[in-house]
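Everything below concerns the one structure shown next.
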Amino acid sequence: MNPIETPTQPLSPIALAKTISDLPSIELAAFQEALLTYMIQKTPGVCGGDACIRHTRIPVWLIISFLQNGLNQTDLLRNYPGLTAFDLSITQLYYSLHRQEIDELIIANNLEDLPPTIETIELSHTWRWTDVTTSTP
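Those letters in the sequence shown? Residues 58 to 194, by this note's numbering.
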């Protein structure tokens, strides 16, 4: 049997962690990038196509917004029992790599609850002048 075709047993979590930590730097970076694409996913038709945490409908912008407004990791994990501490770490990593995207989504989603004003126009380019002129005081 060809060595490539030899069936292997799945690694235990500890053995897998050791194998990953032993990777050379370039391969470790490639693994981390690949893992990020599986942990944070954009799916058309799910949450507007926004980046969400793996196999959930929990957008990255929502978790980052909660963290920015003072919620701590313990509270988030209690309120979202399907998430792990690693999910939150990956979410923060994604935010550090895609800060502008997530900040714009936080602003856009917070603006949905506000009436259009000059201040909201300055924060979001999605408002049109007609929105301001037709709003009632």
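Think of the CB as a built atom: it goes at the ideal place given N, C-alpha and C, for glycine as much as any other residue.
Cα-Cα separation between residue i and residue j, rounded to whole angstroms
{"i": "tyrosine 152", "j": "isoleucine 159", "result": "6 Å"}
{"i": "alanine 108", "j": "phenylalanine 143", "result": "16 Å"}
{"i": "leucine 68", "j": "glutamine 157", "result": "38 Å"}
{"i": "methionine 58", "j": "alanine 86", "result": "For methionine 58, the predicted structure reports a pLDDT of 47, less than 50, and the residue's modelled location is therefore unreliable. A value from the coordinates is still provided. Going from the Cα of methionine 58 to the Cα of alanine 86 covers about 32 Å."}
{"i": "threonine 65", "j": "glutamine 89", "result": "23 Å"}
{"i": "aspartate 79", "j": "asparagine 167", "result": "43 Å"}
{"i": "glutamine 130", "j": "asparagine 136", "result": "10 Å"}
{"i": "serine 82", "j": "glycine 127", "result": "35 Å"}
{"i": "glutamate 84", "j": "alanine 74", "result": "14 Å"}
{"i": "leucine 99", "j": "leucine 150", "result": "Per the sequence shown, residue 99 should be read as lysine rather than leucine. Roughly 16 Å between the two C-alpha positions."}
{"i": "glycine 106", "j": "histidine 112", "result": "13 Å"}
{"i": "alanine 72", "j": "aspartate 132", "result": "31 Å"}
{"i": "proline 70", "j": "isoleucine 77", "result": "10 Å"}
{"i": "tyrosine 95", "j": "valine 103", "result": "15 Å"}
{"i": "arginine 114", "j": "proline 138", "result": "13 Å"}
CB of residue i within 9 Å of CB of residue j, strictly
{"i": "leucine 162", "j": "proline 101", "result": "no"}
{"i": "isoleucine 147", "j": "leucine 93", "result": "yes"}
{"i": "isoleucine 110", "j": "isoleucine 97", "result": "yes"}
{"i": "leucine 145", "j": "leucine 134", "result": "yes"}
Exposure of residue i, with buried meaning 16 or more beta-carbon neighbours within 10 Å
{"i": "leucine 119", "result": "buried"}
{"i": "leucine 140", "result": "buried"}
{"i": "leucine 154", "result": "exposed"}
Closer than 9 Å to chain C by CB, residue i
{"i": "leucine 150", "result": "No chain C appears in the structure shown, which is made up of a single protein chain."}
Discussion item. So within the stretch 117 to 177, which uninterrupted alpha helix (DSSP H) runs reach at least 4 residues, ignoring any that extend past its ends?
Written reply: 117 to 125, 130 to 136, 142 to 154, 156 to 168
Worksheet item: Whole beta strand (DSSP E) runs in the stretch 81 to 121 with 3 or more residues, listed along the chain?
Response: 97 to 99, 108 to 110
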